[in-house]
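Using UniProt numbering, read the sequence shown as starting at 1 and increasing by one per residue.
In what follows, a structure is listed as structure tokens, so that the remarks can point back to it.
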Amino acid sequence: MNREYYNRIVSILKKDIGPKKIDSRTMSLFLKQLSLLLNSGISLYDSLNIINQQGTDKKVIKAISLVIAGLKKGLDPYESFCLANEYFSPLVLAFIKTGTKTGYLGKILRDLSDFIFEESKNKSTVKQAMTYPILVLVVSILVIIALIKFVMPSFIEIFDKSEITLPLPTRILLFVSSFFSENYILILLFIFLLALIYLFLRTDYKKRVEIDRYIFRLWPLRDLNRLRVEYQLTSIYYILRRGDIDTINSFDILAESFKNTYVKETLKGIKNRVNKGESLSLAFKNAGIFSPLLISMVDIGTETSSLDESMKKANEYFANEYIFKIKKLAGLAEPVLIIIMGLLVAFVVFSVSIPMFDSINGLRGG
1 MNREYYNRIV SILKKDIGPK KIDSRTMSLF LKQLSLLLNS GISLYDSLNI INQQGTDKKV
61 IKAISLVIAG LKKGLDPYES FCLANEYFSP LVLAFIKTGT KTGYLGKILR DLSDFIFEES
121 KNKSTVKQAM TYPILVLVVS ILVIIALIKF VMPSFIEIFD KSEITLPLPT RILLFVSSFF
181 SENYILILLF IFLLALIYLF LRTDYKKRVE IDRYIFRLWP LRDLNRLRVE YQLTSIYYIL
241 RRGDIDTINS FDILAESFKN TYVKETLKGI KNRVNKGESL SLAFKNAGIF SPLLISMVDI
301 GTETSSLDES MKKANEYFAN EYIFKIKKLA GLAEPVLIII MGLLVAFVVF SVSIPMFDSI
361 NGLRGG
């Protein structure tokens with residue numbers, strides 16, 4: 001691997017698992033405070049100083065210090081916030097840029113704060129819903145590993161000394177146990193290699209788009225992914241419409257708000273089609289990833305000149321539907337995982353018990 005590819009992989013690692021931005025709840029509070037001060041007629045410089053004096057969060061203090069330093073140098077608000085881009089997401093920076101241009105910075109930051117807070121609440125709901133299924137899955141894996149590592153070696157030794165013919169389930173279990181015990185290092189290396197190949201492929205933007213497209217359209221999560229995109233899109237688009245941001249600039253910001261590059265490119269495609277004179281609803285339809293409901297809401301909003309209200313209503317629906325689907329999926333996963341774990345443990349017990357009983361019966365018969 002040459003130096004260029006190495007650096008590209010390192011950049012992906014830093015981007016995906018490197019130092020965290022300011023967490024959502026803290027960011028929402030910061031933006032709420034800043035918007036309140038700005039809407040009260042206090043300058044950005046003074047507003048930041050007031051928040052900084054409270055000293056509530058170390059990351060916020062560091063970020064504000066960088067922004068204040070930029071303002072002192074004569075930079076505009078957007079350029080100043082960009083100096084602290086390791087703390088602020090591209091979405092926050094895009095909204096600050098838009099608010100600076102339109103003169104609605106306080107209003108836009110207030111709406112953005114509400115969005116981030118709701119997003120944080122929804123993430124917490126998702127985590128709570130998925131905690132138990134994930135816990136069951138982890139326990140299942142640990143039980144299987146414990147059986148293979150600590151229980152099976154004793155039985156393997158007993159069966160090797162016996163002269164009985166082992167049944168098929170027992171032979172399968174012994175093969176699996178021996179395979180993992182003897183090749184666990186190779187298995188770990190193989191997993192590491194797959195992860196490395198995945199990261200390497202993502203360094204190429206076109207391949208990254210294809211990977212993200214596959215992940216987005218993956219059957220078990222396809223509807224869930226679509227709902228999440230529609231929920232996030234309608235929420236942000238509603239804020240942008242309230243800030244009187246035109247469609248072209250809105251879709252530039254919308255594209256920046258998604259990590260999935262396939263979704264990014266889809267939104268850029270909508271912007272390009274609208275730029276060429278295509279209607280917004282038709283551009284959404286031709287994108288091929290949105291539900292008929294969203295397309296209809298865009299069409300109605302455009303025709304009645306009430307797109308912001310249409311997006312607000314659509315957002316309420318998609319947010320509720322997304323959370324409902326998550327809870328439903330988690331509810332289905334729990335019994336399925338428990339049944340699978342029970343079947344695996346039963347298979348192990350059954351496979352070990354049969355030859356043991358055969359040995360006892362053989363001794364009695366002898």
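All residues carry an ideal CB built from backbone N, CA and C; glycine is no exception.
Computed from a predicted structure; not experimentally measured.
Query                                                                                                                                                                       : Result
Would ILE338 and VAL126 be called neighbours here (beta carbons separated by less than 9 Å)?                                                                                : no
Just curious, the alpha helix (DSSP H) that LYS123 is in, first and last residue?                                                                                           : 105-146
Is the segment 112-130 touching the segment 44-58 in the sense that three or more CB pairs, one from each, lie closer than 8 Å?                                             : no
Whole angstroms is fine: what's the gap from VAL349's alpha carbon to LEU186's?                                                                                             : 28 Å
Between which two residues does the alpha helix (DSSP H) harbouring THR26 extend?                                                                                           : 24-39
Can you look up GLU278 in the DSSP assignment and give me helix, strand or coil?                                                                                            : coil
Taking only the alpha-carbon atoms, compute the straight-line gap between LEU166 and SER177 and give it to the nearest angstrom.                                            : 15 Å
In chain order, what residues of the same chain have a beta carbon less than 7 Å from the beta carbon of MET1, not counting five sequence neighbours either side?           : Confidence in MET1 is poor, its pLDDT being 49 and thus under 50, which makes the residue's placement too unreliable to answer from.
In the DSSP assignment, find the alpha helix (DSSP H) that holds THR304 and state where it starts and stops.                                                                : Counting along the chain, THR304 falls outside any alpha helix (DSSP H), and DSSP gives it neither H nor E.
Measure the Cβ-Cβ separation of ILE211 and PHE115 and say whether it is below 9 Å.                                                                                          : no
Does the distance from the CB of ILE354 to the CB of PRO169 come in under 9 Å?                                                                                              : yes
What do you get for TYR231, buried or exposed, if any count of 16 or more other CB atoms within 10 angstroms of its CB means buried?                                        : buried
Which term fits GLY70, buried or exposed, when burial requires 16 or more other beta carbons within 10 angstroms of its beta carbon?                                        : buried
Nearest to TYR43 by alpha carbon, out of THR56, PRO77 and ILE61?                                                                                                            : The sequence shown places Ser at residue 43, not Tyr. Measuring from the Cα of SER43, the nearest candidate turns out to be PRO77.
What whole-angstrom Cβ distance do MET341 and VAL151 have, given they're in contact under 8 Å?                                                                              : The pair is not a contact, with the Cβ atoms about 16 Å apart (cut-off 8 Å).
Enumerate in chain order the residues of its own chain whose CB-to-CB distance from LEU267 is below 6 Å, with the five nearest sequence positions on each side excluded.    : PHE251, LEU254 and ALA255
Under the three-state reduction of DSSP, which class applies to ILE9: helix, strand or coil?                                                                                : Any reading at ILE9 must be qualified, since the residue scores a pLDDT of 45, below 50, and its modelled position is unreliable; the value itself is stated next. The answer is helix: DSSP assigns ILE9 an H, G or I state.
Considering only the alpha carbon of each residue, which of LYS259, LYS107 and ARG273 lies closest to GLN33?                                                                : LYS107
Helix, strand or coil for ASP57 per DSSP?                                                                                                                                   : coil
For a test of the three-state rule: what should DSSP assign to SER257, helix, strand or coil?                                                                               : coil
Residues in the same chain with beta-carbon distance under 6 Å from LEU173, minus the five sequence neighbours each way, listed in chain order, please.                     : SER351
Check for me: the alpha helix (DSSP H) holding TYR184 runs from which residue to which?                                                                                     : 168-201
Grab me the residues of PRO19's own chain with a C-beta within less than 8 Å of its C-beta, minus the 5 sequence neighbours each way, in chain order.                       : Residue confidence is low: PRO19 scores 48 on pLDDT, short of 50, so the model does not pin down where it sits. No coordinate-derived value is stated.
Drop a sphere of 10 angstroms on the beta-carbon of ASN225, count the other beta-carbons inside from all chains shown, and report buried for 16 or more, exposed for fewer. : buried
What is the C-beta distance between THR247 and LEU294, in whole angstroms, given that I count them as a contact (C-beta under 8 Å)?                                         : Wrong, their Cβ atoms sit about 16 Å apart, outside the cutoff.
Counting only the same chain and skipping the five closest in sequence on each side, list residues whose C-beta sits under 7 Å from that of ALA346.                         : none
Mapping the DSSP letters down to three states, classify PHE88 as helix, strand or coil.                                                                                     : coil
Please state if the CB of LYS312 and the CB of THR234 are separated by a distance shorter than 9 Å.                                                                         : yes
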